[in-house]
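**Q** Chains as they are written, first to last, in my numbering: chain X, 193 to 518; chain B, 193 to 518.
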DNA sequence: CTGTTAGCGCGTTCAC
DNA sequence: GTGAACGCGCTAACAG
């Protein structure tokens with residue numbers, strides 16, 4: 193099922209077929225219909241390799257997740273993001289090349305490979321870091337990219353991001369309005385930009401320092417225990433993901449502290465997990481599916497050249513549940 | 193950075209470059225080294241489109257997840273599987289095309305598209321179903337495929353699978369050895385082949401009927417409540433995933449039933465979730481990362497033609513924790 | 001044995 | 001509406 197075969201079957205030239213299939217002028221309405229019908233019958237689809245070869249696009253965008261294999265745990269965020277991305281991509285029948293790697297160095301290698309092999313037309317970059325080698329590399333390569341979770345500290349890449357600082361402020365305000373004045377923050381990986389934003393906003397709002405972790409349930413448990421057995425235990429704790437918050441609720445129970453009577457807990461990011469605990473966890477909800485969708489749309493615009501600069505996504509909203517009170 | 197440029201820079205013909213780069217005879221050792229050095233300097237990589245065009249391979253395999261957007265919840269299985277797949281693929285520097293779709297019909301459309309566009313050389317098919325349209329379609333298309341979780345009921349596709357029946361038997365035996373004789377099974381989607389295998393094995397081992405669900409926490413909670421408030425409540429419950437088991441432990445607590453004193457619980461599939469509960473959940477552990485790795489290797493062999501037929505993966509092993517006793 | 005020229009694959013595009 | 005060249009790498013067939 194090639195253009196050549198269609199041309200033969202329809203009794204026209206290959207270029208006529210190409211024009212007809214791409215809705216371009218140069219063929220009569222009659223011939224166009226004839227060609228389209230033959231192509232339909234033969235279930236013709238363009239060979240993506242040949243298309244890409246003609247200097248055209250690869251018809252795919254790339255997404256790399258850099259994280260050690262051992263920490264590939266519960267990740268509700270991921271599948272939602274990918275799903276949202278694809279809901280936007282399906283419109284332009286663009287494919288997604290997806291790769292999980294161990295670290296950022298491996299990630300940069302993938303970008304080099306994909307771009308030099310012309311496997312992708314652009315990439316979505318997640319988890320911006322302080323001192324991130326990726327924006328520089330991508331700019332140098334000329335590989336179109338959109339930073340998800342940015343804005344890019346180096347100002348190199350366009351980005352889409354939610355305001356973590358304002359979200360943190362809204363959480364602290366909620367807790368303060370409930371009467372809490374000793375609030376703790378169990379943060380995630382310190383090298384991530386959004387972790388820094390949350391830590392700074394938390395410091396501004398409370399004057400207190402955050403504790404950084406690796407996002408694991410183990411860390412959530414340990415830090416919670418340390419916080420609650422300190423001389424002046426906090427009356428409220430904010431966790432940077434749902435896993436740690438769930439572990440925290442368990443740690444509190446193990447220490448005989450009641451939630452929310454003795455201590456209130458808030459999870460950053462909602463998931464079914466947050467509704468499985470007793471009490472259910474107050475959580476910062478964001479529509480990750482829609483976020484992924486918007487990110488992909490934006491990347492397409494960036495590749496077209498119809499958009500540049502940063503795009504702020506809607507603010508995540510706090511959904512109060514049983515774990516906050518007083 | 194094309195072959196042409198390298199040829200010019202090295203002062204040789206394009207075919208000499210091609211031979212050198214592909215480690216084929218036809219060039220002197222001296223010339224080969226020269227060419228390789230120039231290619232290295234220019235950071236040359238073959239254009240995958242051009243390569244694929246020459247009747248060669250696309251250099252990618254495909255994976256489609258069919259599930260409605262709403263049920264895209266916590267899915268530890270997924271990221272581990274993908275990660276394992278890629279650990280095997282990286283050896284042959286094969287890429288992964290990944291897609292999430294709403295249903296099996298959309299999935300079959302993706303297969304048609306990918307194959308006619310020559311985007312992939314083969315696909316991994318997950319969640320075999322009773323009355324599954326995919327094996328027939330893939331065989332008809334001639335798209336190489338490996339069924340993950342199968343054996344294929346229609347006997348059309350080669351597969352890799354774990355023995356769900358024996359695994360179920362081992363769970364029931366464990367519970368029986370603890371003295372349980374009223375065991376319930378909260379199964380997953382009835383249209384999945386492995387669900388049927390588990391249900392049949394459960395029936396053979398206990399004589400009892402299973403309850404099918406949609407894997408959601410909501411279903412786990414509801415069914416657990418129904419089971420425990422029945423006239424003759426079970427003393428042990430086996431859940432087909434971790435989410436439902438965690439929901440079940442919550443439902444039991446809400447009814448004032450102690451775990452494991454009043455009722456023992458077992459989760460099929462381990463995840464950090466199973467260690468976040470009190471007591472921790474006894475779980476059927478499988479090495480999903482290794483499973484994905486073996487699946488990808490097997491698919492590569494199937495595409496090479498060096499392997500056919502089914503491959504049985506290692507049996508998942510039960511890891512007793514606090515939620516089973518008596 | 002070393003190296004070259006020619007042509008293929010498939011869709012696009014430009015001159016005619 | 002057509003023929004021909006192009007993009008890029010691979011692979012016969014062929015010459016030194």
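Where is the CB? At the ideal position from N, CA and C, for every residue including glycine.
1. Over the uninterrupted beta strand (DSSP E) stretch that includes residue 377(X), give me the two end residues.
2. For the 8 Å Cβ check, are there 3 or more pairs between the segment 219-227 of chain B and the segment 251-259 of chain B?
3. Quick one: any contact between the segment 400-408 of chain X and the segment 429-436 of chain X, if contact means 3 or more CB pairs under 8 Å?
4. Among the candidates 481(B), 368(B), 276(B) and 459(B), whose CA atom is the shortest distance from the CA of residue 474(B)?
5. Assuming the contact rule is C-beta atoms closer than 8 Å, residue 471(X) and residue 440(X) should be a hit. Round their C-beta distance to whole Å, please.
6. Let me know if residue 326(B) comes out buried or exposed under the rule of 16 or more other beta-carbons within 10 Å of its beta-carbon.
7. By Cβ distance below 6 Å, which residues in the same chain neighbour residue 290(B) in space, the five residues on each side in sequence not counted?
8. Would you please state the rounded distance, in angstroms, between the beta carbons of residue 361(X) and residue 397(X)? I believe it to be under 8 Å.
9. Which residues of chain X have a Cβ atom closer than 7 Å to the Cβ of residue 278(B), listed in chain order?
10. Could you tell me whether any Cβ in chain X is nearer than 8 Å to the Cβ of residue 511(B)?
11. Is the separation between the beta-carbon of residue 292(B) and that of residue 385(X) shorter than 8 Å?
12. Which bits of chain X does residue 288(B) rub up against, with CB to CB less than 8 Å?
13. Beta carbons nearer than 8 Å to chain B: which residues of the segment 377-400 of chain X have them?
14. Any C-beta of chain X within less than 7 Å: which residues of the segment 400-416 of chain B qualify?
15. Any beta-carbon of chain X closer than 8 Å to the one on residue 328(B)?
16. For residue 508(B), would you say it is in contact with chain X, using Cβ-to-Cβ distances shorter than 8 Å as the test?
17. Assuming the contact rule is C-beta atoms closer than 8 Å, residue 309(X) and residue 238(B) should be a hit. Round their C-beta distance to whole Å, please.
18. Please confirm whether residue 193(B) has its beta-carbon closer than 8 Å to some beta-carbon of chain X.
19. For residue 236(B), name the three-state secondary structure that DSSP assigns.
20. Suppose the cutoff is 6 Å on Cβ atoms and the five residues either side in sequence are ignored; what does the same chain contact list for residue 201(B) look like?
21. Would you identify the three-state DSSP class for residue 494(X), choosing helix, strand or coil?
22. Spell out whether any CB of chain B is found under 8 Å from the CB atom of residue 442(X).
23. Which residues does DSSP pair with residue 384(B) in a beta bridge?
24. Just checking my contact of residue 493(B) with residue 499(B) at CB under 8 Å: how many whole Å lie between their CB atoms?
25. Residues in the segment 228-242 of chain X with C-beta within 9 Å of chain B's C-beta atoms, listed in sequence order?
26. Does the pairing of the segment 351-368 of chain B with the segment 409-425 of chain B give three or more beta-carbon distances under 8 Å?
27. At 8 Å on the CB atoms, spell out the chain X contacts of residue 274(B), in chain order.
28. Here's the rule I'm using: 16 or more other beta-carbon atoms within 10 Å means buried, otherwise exposed. How should residue 299(B) be labelled?
29. Please determine if the segment 336-355 of chain X and the segment 364-376 of chain X are in contact, where contact requires at least 3 C-beta pairs separated by less than 8 Å.
30. Anyone know if the C-beta pair for residue 341(B) and residue 319(B) falls short of 8 Å?
31. CA-CA distance, residue 345(B) and residue 329(B)?
32. Leaving out the 5 sequence neighbours to the left and right, which residues in its chain are closer than 6 Å to residue 240(B) when beta-carbon positions are compared?
33. Along the segment 304-316 of chain X, what residues have a CB closer than 7 Å to any CB found in chain B?
34. Chain B partners of residue 270(X), CB-CB under 7 Å?
35. From the beta carbon of residue 340(B), is the nearest beta carbon of chain X less than 8 Å away?
36. Who are residue 285(B)'s beta bridge partners in DSSP?
**A** Looking at the atomic coordinates:
1. Your numbering for residue 377(X) matches position 185 in the first chain. Judged by DSSP secondary structure, residue 377(X) falls within the beta strand (DSSP E) whose first and last residues are 375-378.
2. The segment 219-227 of chain B vs the segment 251-259 of chain B: no contact.
3. As far as the Cβ criterion goes, the segment 400-408 of chain X touches the segment 429-436 of chain X, which means the pair count is three or higher.
4. Working through the second chain from its first residue, we reach residue 474(B) at position 282. For the options 481(B), 368(B), 276(B) and 459(B), the alpha carbon positioned closest to that of residue 474(B) is the one of 459(B).
5. Position 279 of the first chain holds residue 471(X). Position 248 of the first chain holds residue 440(X). Rounded, the Cβ-Cβ distance is 13 Å, inconsistent with contact.
6. As a working mapping, residue 326(B) is identified with position 134 in the second chain. Here residue 326(B) is buried. Its C-beta has 16 or more other C-beta atoms within 10 Å.
7. Translated into the one-based positions of the second chain, residue 290(B) becomes position 98. 255, listed in sequence order.
8. On the first chain, residue 361(X) is found 169 positions in, with the first residue counted as 1. On the first chain, residue 397(X) is found 205 positions in, with the first residue counted as 1. By a beta-carbon distance limit of 8 Å, residue 361(X) contacts residue 397(X). Their separation comes to about 6 Å.
9. Counting from 1 along the second chain, the entry for residue 278(B) is found at position 86. By Cβ distance, chain X contributes 291 and 292.
10. Along the second chain, read from residue 1 onward, the residue named residue 511(B) stands at position 319. It does not; no Cβ of chain X falls within 8 Å.
11. As a working mapping, residue 292(B) is identified with position 100 in the second chain. As a working mapping, residue 385(X) is identified with position 193 in the first chain. Cβ atoms of residue 292(B) and residue 385(X): not closer than 8 Å.
12. As a position in the second chain, residue 288(B) is number 96, starting the count at 1. Simply 289, 290 and 291.
13. Under the 8 Å Cβ criterion, the segment 377-400 of chain X contributes no residue.
14. Result list: 409.
15. For the purposes of this step, residue 328(B) is taken as residue 136 along the second chain, with counting starting at 1. Chain X, which has no Cβ nearer than 8 Å to the Cβ of residue 328(B), makes this no.
16. For this step, residue 508(B) is matched to residue 316 along the second chain. No, no contact with chain X.
17. For the purposes of this step, residue 309(X) is identified with residue 117 of the first chain, where counting begins at 1. For the purposes of this step, residue 238(B) is identified with residue 46 of the second chain, where counting begins at 1. That pair is a contact at about 6 Å.
18. Here the question's residue 193(B) lines up with position 1 in the second chain. Output row for residue 193(B): interface = yes.
19. Start at 1 with the first residue of the second chain, and residue 236(B) comes out as number 44. Coil at residue 236(B), not helix or strand.
20. In the second chain, residue 201(B) corresponds to position 9, counting from 1. Cβ within range, chain order: 230.
21. Numbered from 1 along the first chain, position 302 holds the residue referred to as residue 494(X). Secondary structure at residue 494(X): helix, using DSSP grouped into helix, strand and coil.
22. As a first step, residue 442(X) is located in the first chain; it is residue number 250 there, counting from the start. It does; some Cβ of chain B falls within 8 Å.
23. Position 192 of the second chain, counting from 1, holds the residue named residue 384(B). DSSP output for residue 384(B) lists 321(B) as bridge partner(s).
24. Position 301 of the second chain holds residue 493(B). Position 307 of the second chain holds residue 499(B). A Cβ-Cβ separation of about 4 Å places residue 493(B) in contact with residue 499(B) under the 8 Å criterion.
25. Under the 9 Å Cβ criterion, the segment 228-242 of chain X contributes 235, 236, 237, 238, 239, 240, 241 and 242.
26. In short, these stretches do not touch, since the Cβ pair count stays below three.
27. Here residue 274(B) refers to the residue found at position 82 when the second chain is read from its first residue. Those are 290 and 292, listed as they occur along chain X.
28. One-based indexing of the second chain puts residue 299(B) at position 107. It counts as buried.
29. By the Cβ criterion, the segment 336-355 of chain X is not in contact with the segment 364-376 of chain X, since fewer than three pairs of Cβ atoms, one from each stretch, lie closer than 8 Å.
30. Working through the second chain from its first residue, we reach residue 341(B) at position 149. Working through the second chain from its first residue, we reach residue 319(B) at position 127. In contact: residue 341(B) and residue 319(B) (Cβ atoms closer than 8 Å).
31. As a working mapping, residue 345(B) is identified with position 153 in the second chain. As a working mapping, residue 329(B) is identified with position 137 in the second chain. Per the coordinates, the alpha-carbon of residue 345(B) lies some 14 Å from the alpha-carbon of residue 329(B).
32. Against the second chain, residue 240(B) aligns to sequence position 48. So the qualifying residues of the chain are 251.
33. Among the residues of the segment 304-316 of chain X, those with a Cβ less than 7 Å away from any Cβ of chain B are 305, 308, 309, 310 and 311, in the order of the chain.
34. Here residue 270(X) refers to the residue found at position 78 when the first chain is read from its first residue. Those within 7 Å of residue 270(X) in chain B are 271.
35. What you label residue 340(B) is simply residue 148 of the second chain in a count that begins at 1. Nearest CB-CB separation between residue 340(B) and chain X: not below the 8 Å threshold.
36. Locating residue 285(B) in the second chain gives position 93, where the first residue counts as 1. Beta-bridge analysis with DSSP links residue 285(B) to no other residue.
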